[in-house]
Amino acid sequence: MKPINRSAVALGALLLLLAPSSFAQVSDWKEIKVPALNKFTIQQPTKITLPNGMIVMLQENHELPLVSGYAAVRGGSRDVPAAKTGLLNIYGEVWRTGGTTKQTGDQLDDLLESRAAQIETGGDIDSTSISFNVLKEDFDPVFDIFIDLMRNPEFREDKIVIAKNQLRTGIARRNDDPSQIAGREAVRIAYGLDSPYARVPEYYTVDAVTREDLVQWHKRHVHPNNIILGITGDFDSKKVEQRIRKAFGSWAKGPAVTTAEIKFQEPKADVYFVPKDDINQSSIRMIALGTTRNNPDYYALQVLNEVLSGGFASRLFSNIRSKKGLAYSVGGGVGTQFDHPGIFMLSMGTKSETTAAAIDALKEELTNIVSNPPNQLELDRAKESILNSFIFRFDSKEKLLNEQIALAYYGYPSDFYSRYRDAVEKVTPADIAQVAKKYVKGDKMAILVVGKAADFDRPLSSFGQVTTLDISIPEAPPGEAGATPAAASTGDEKGRQLAQKVAEAYGGQNKIASVKSVMQKAKVTMKTPQGDIPITLEAIYVYPDRAYQKMGTPMGEMVMVASPSASFMSGAMGSRDLPASQKEEQMKEIHRDPFFVLQHAGDADVTFTSAGTEKVGDIDAQIVDVNSKGAEVRWYVDPASGRILKSSSRAMTPTGPGMQVTTYSDWRMVDGMSLPFQRVISVNGEESGQSTTEEIVINPPVDAKLFEKPAA
Amino acid sequence: MRKAAGALLTFWLLSAGAVGAQDLASFEKRVTSKVLPNGLTILVVERPEAPVFSFFTHVDAGSTQEVPGITGLAHMFEHMAFKGTKTIGTKDYAAEEAALVRVEQTYEAYDRERRKQTGRDEQKVEQLRSEWEKAKTAADEYVVLNEFGEIIDRNGGVGLNAFTSSDETGYFYSLPSNRLELWAYLESERFLEPVMREFYKERDVVKEERRMRTDSNPIGKLVEQFLATAFTAHPYGQAGIGWPSDLDTITATDAVAFFETYYVPANMVVAIVGDVKPAQVLPLAEKYFGRLPARPDPQPLRTVEPEQTAERIVILRETSQPFYIEGYHKENAIHADDVVYEVISDLMSNGRTSRLYRSLVRDKKIAAAAAGFNNFPGDKYANLFAFFGVPTPGHTTDEVRDAIRAEIERIRTEPVTDEELLMVKRRAKATLLRSLDSNQGLALQMGTAQARYGDWREVFRNVERIDKVTKEDILRVASKAFVPSNRTVGLIETRPADAAAVAPAKGE
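Just so you know, the sequences run in chain order P and B. The first sequence runs 1 to 712 under this note's numbering. The second sequence runs 713 to 1220 under this note's numbering.
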């Protein structure tokens, strides 16, 4: 194309455009008549309740030669024990991929794909579901598979592995996108960290899920009396009803699903901050509790939400996006749910440099909606928008079916939405002012910011008490480092003997007891995708609970300290506290240190369990699993010398948990003890670094100041 | 242009008998197309399921129409098309018009001074900036905020939105069917006399959009760099959202020039689908869309991406998780081989039987997802066939690359099975069928086909073409395209948060 010569075309074109149009015979838009909408009554689905309590809704639609449907089953992730969070994600996947007793999931894949048919399953917060979508001609065989999956799923192990892999991938990636972080943390702030509505899967909760859990879940929940089945498409209702009665009629009732009572509490109106330095836009959320849809205030709240953020003329869009240019994405309102309070949330993204200005703007809108409630014009606009677009709630037979299933599921009246329409029509300015006052408590909402604090226009502390959230991804439950089944082991005699052997190599129990601290200097080469990075390391362990590490890297010097009084990281740009999970990891590191382990070999919570032999080089090494106050490490011991030739432990890596293996060599005598001076470290089977020790000093003078956090 | 013979299609007969009233023949009865005297094409699709309709306005201009200095302008104009007209969104247009001219004049003076490389007078910059600020404030006095969108909202409009891609710009929403005439007025009015009010505030909004989609999103960042590497000459390599410096400097005057050049009636297709009849729609279209003045066709794009002769790689080192993508240059969607790539994409990526899923996700367990997709980042010009993989924790982009390459090697050298090919063909028919149940979906699909190929029937004919793809076609196309010298690789490598990143937390 021809490049546009900007300065030349410039004003000429603008003026050309501004010149009066020669097609001006069209009248003003206000004079265009809007005729009455054609009378329209949509066909309601047929509802059948089987004697065993299963509810079936059939909605014929002959537009296209397709049939689709889904069954909603009561019980969802809110009913899963916290320690197995993620169970429903795995169940929702493996229900389908694990196949049936007759056919594997792979066989089903081939069968269904060859017919361009789909059957999928899923898990949600309060329900699970199984759905199908099929060409009309294939309905019979595919519906057979649908029934078989509902009645006889097999949950094969190989598919559990895949589902867990996918879930772990999601966990590893959950901090990559700032709006995802904000969305997740906002829910945790609104409902509370321990609320079943806010829990997120962790590596250890995913690990804890077993096939038996899936089998049991299915057994407890998938009963006809817990199911609503809806089918829509090109079929004959009479025939399909017969089919359904035949398939499900003899299915016996099961126990009803109950959900334990879940408590809700208004979140504290504090400021929560998630530091993320590699972004230039802050994700901001204002958070409080919302309400339920059976609340009589629901209708006025919907109108209020419309005024606040429904469309182009809404207050948030007009004032914050159009007038102030502070955001591309801004919105929110008082959220509602059918059977539990929704979240009252405002969301926006703004450049780091206008973070405080954006929060000011949101607060101003909150104050304003109460002090300057919507006038008649705003109310009319909001109501017209809701009422004129009402037709889009039921402009297809499938939408109507889905809506009726949802209403039946939550026990709402089937005419809920026509009542809704009437109620919205009746909302007055006084109603809306009253709900604004009741639900918008001035600007007292929790504030959450994900962003780069160094670039903020004002510190967040100007909005109140700031809590910095630790979003690092933990490997083990907080406070239960390494709480895996092995932790329950009390050890065995052979294990203890091996530990004894190791202690001898270290110069015996007395010698070990005399070690109060160890200083070690080493040159480390870290293998990274960017090439080898040389690091100088100075590490001082002061037993039992203090570690100091100074690293010289090409990017500058960094110090990391973990101790009961202060745990921090400091470098050229200042210092900050270690997140709890990282501190935990550091403490585990001390607990796995051979001096620590051997000094505490007599403690009840330090156990040694033998685990066979394995070749390390030419030596048949004896394996001992050490559990040292919750921290686990496996030692490969040379039975002749008592040296630890190799050790392995689970560790956190930048891409998730992995198995870290260290191989030791070059033993030298230090202060009467034989200690290794060479280490090769690998993670998940790939070499990640080498370290050459230059100096080890036992009981060096230690400057207490090293463990004090430098002033910021 | 791919004009298939006019005979009615037989593809439906090839499927296993699954046909109701939804073949091309039935659509022939329900679709009316007309070219207005000014060159604008209107497409009416009757689907009287409920008293509503949806539409799609396709403008054959996207970010490929941009040159250095004005990247992001197509998208910027799309935003401006919501800002109203001379009659909508203003309190007093005559006065506003003068005020807007002043905004442009003061901005140009300010912009010239601030971007001087030598002899810039900072004091003068500040003074000119302040004059521009004053001019903007004066112009804002006349604005009725967001009136265009408000009219649509109040009349029950839903899904009001638009998009700008490399190839085109699209506008769409749905209304109750008694608002047909109002719609014809609004949609034509917006392209008859758009007014560039609040341009510079909207530019800030677009910069926020860039921060959200690209700067603060690792995959967004990678894709921008990947395309900039894969295309050395063709504008597919430019940032569609705009390079930051261009977003700092594009003007309302630029936007008007872009509009004048490309928003030409002959460059536009309007597809309307739902409870509407041609007898109602066509007179309204003539009355309202007929107002748009005919203007000369814009020049076709000149630049063609030269043949790639050396492999390229772009690596992003981020604290986010690893990601892998590789792309191979290929012809555009009008080329006869494009359906072969469609088949390859389906075979490689669609569902749990796909080759990449079975190899990388199911068997090797090194990826959570992997796929190959056609026509990236657009299909109007020669583009890329790309493969991507999302490594699972503990696995590397190298492993993902090797496994993807092994599957590419298979498709290049071994004929696919009869079952696989049959599955892909069945699926193409079913996918088309499943896409016909929404007014908005139909409007988008048929409007785009009409614009791109000059005939909405291409939506159906494409399935017929897929049905004719052979094993030999796949071998021929794959072995030609998927070679190292034609490849660009992009990846995110995870780096640990380094020592230098230890910054004081000012937030506390």
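From the three backbone atoms N, C-alpha and C, an ideal C-beta is built for every residue, glycine too.
Legend: CB atoms of the segment 1095-1109 of chain B lying less than 9 Å from CB atoms of chain P belong to residues VAL1102, PRO1103, THR1104, PRO1105, GLY1106, HIS1107, THR1108 and THR1109.
The beta carbons of B/GLY1039 and B/SER775 sit about 18 Å from each other, so the pair does not count as a contact at 8 Å. In the DSSP assignment, P/GLY508 falls within the alpha helix (DSSP H) that extends over 508-513. Residues TRP1168, GLU1170 and VAL1171 of the same chain have their beta carbon placed closer than 6 Å to that of B/ALA1161, with the five preceding and five following residues left out of the count.
Along the length of the segment 68-111 of chain P, whole alpha helix (DSSP H) runs at least 4 residues long occupy 87-97, reported in chain order. According to the DSSP secondary-structure assignment, B/ILE1120 is paired through a beta bridge with no residue. P/GLN59 has P/THR232 as its beta-bridge partners, per DSSP. For P/ASN388, the number of other beta carbons within 10 angstroms of its own is at least 16, and it is reported as buried.
At a cut-off of 8 Å between C-beta atoms, B/VAL764 counts as an interface residue with respect to chain P. In the displayed model, P/ARG634 falls within a strand according to three-state DSSP. In the three-state reduction of the DSSP assignment, P/PRO35 falls in the coil class, being assigned neither a helical nor a strand state. Residue pairing for B/PHE1088: DSSP places it in a beta bridge opposite B/LEU1096. When DSSP states are grouped into helix, strand and coil, B/THR944 belongs to the coil group. Shown here is that no member of the segment 489-505 of chain P has a Cβ falling below 7 Å from a Cβ of chain B. The beta-carbon separation of B/TYR854 and B/THR802, rounded to 6 Å, stays under the 8 Å limit for a contact. At a cut-off of 8 Å between C-beta atoms, B/ALA851 does not count as an interface residue with respect to chain P. Taking 8 Å as the CB threshold, P/GLN43 stays off the interface with chain B. The DSSP assignment places complete alpha helix (DSSP H) segments of no fewer than 4 residues inside the segment 833-866 of chain B at 834-852 and 859-866, in order along the chain.
Leaving aside the five residues that flank P/LEU326 on each side, the residues in its chain whose CB is nearer than 7 Å to its CB run, in chain order, ILE320, THR350, THR354, ALA357, ALA358 and ALA361. The beta carbon of P/VAL215 sits closer than 8 Å to those of PHE155, all from its chain and outside the five residues before and after it, given in chain order. Rounded to whole angstroms, the gap between the alpha carbons of B/ASP1091 and B/ARG742 is 28 Å. A residue is called buried when at least 16 other Cβ atoms come within 10 angstroms of its Cβ; P/GLU31 does not meet this threshold and is exposed.
Between P/MET652 and P/GLU384, the gap from beta carbon to beta carbon reaches 8 Å or more. With a beta-carbon spacing of about 5 Å, B/VAL988 and B/PHE765 fall inside the 8 Å limit used to define contacts.
Rounded to the nearest whole angstrom, the CA to CA distance from P/GLU378 to P/ILE369 is 11 Å.
Contact annotation: P/GLN582 and P/ILE696 have beta-carbon atoms that are not nearer than 8 Å. Closest option to P/ILE447, judged by alpha-carbon separation, among P/VAL626, P/PHE463 and P/SER682: P/PHE463. At a cut-off of 8 Å between beta-carbon atoms, P/VAL161 makes contact with chain B. Put simply, of P/GLY311, P/ILE181, P/SER195 and P/ALA269 the residue whose alpha carbon is nearest the alpha carbon of P/SER283 is P/ILE181. Across the structure, B/TRP844 and P/MET348 are spaced so that their CA atoms are roughly 28 Å apart.
Around the C-beta of B/GLY831, fewer than 16 other C-beta atoms lie within 10 Å, and the residue is accordingly described as exposed.
Of the candidates P/ASP236, P/VAL450 and P/MET558, P/MET558 places its Cα closest to the Cα of P/ALA572.
In the DSSP assignment, the residues bridged to P/LYS550 are P/GLU538 and P/VAL559. Secondary structure of B/ASN1151 (DSSP, three-state): helix. Counting only runs that start and end inside the segment 188-266 of chain P, the beta strand (DSSP E) elements of at least 3 residues fall at 227-233. Between B/GLN1152 and B/SER886, the CB-CB gap stays under 8 Å.
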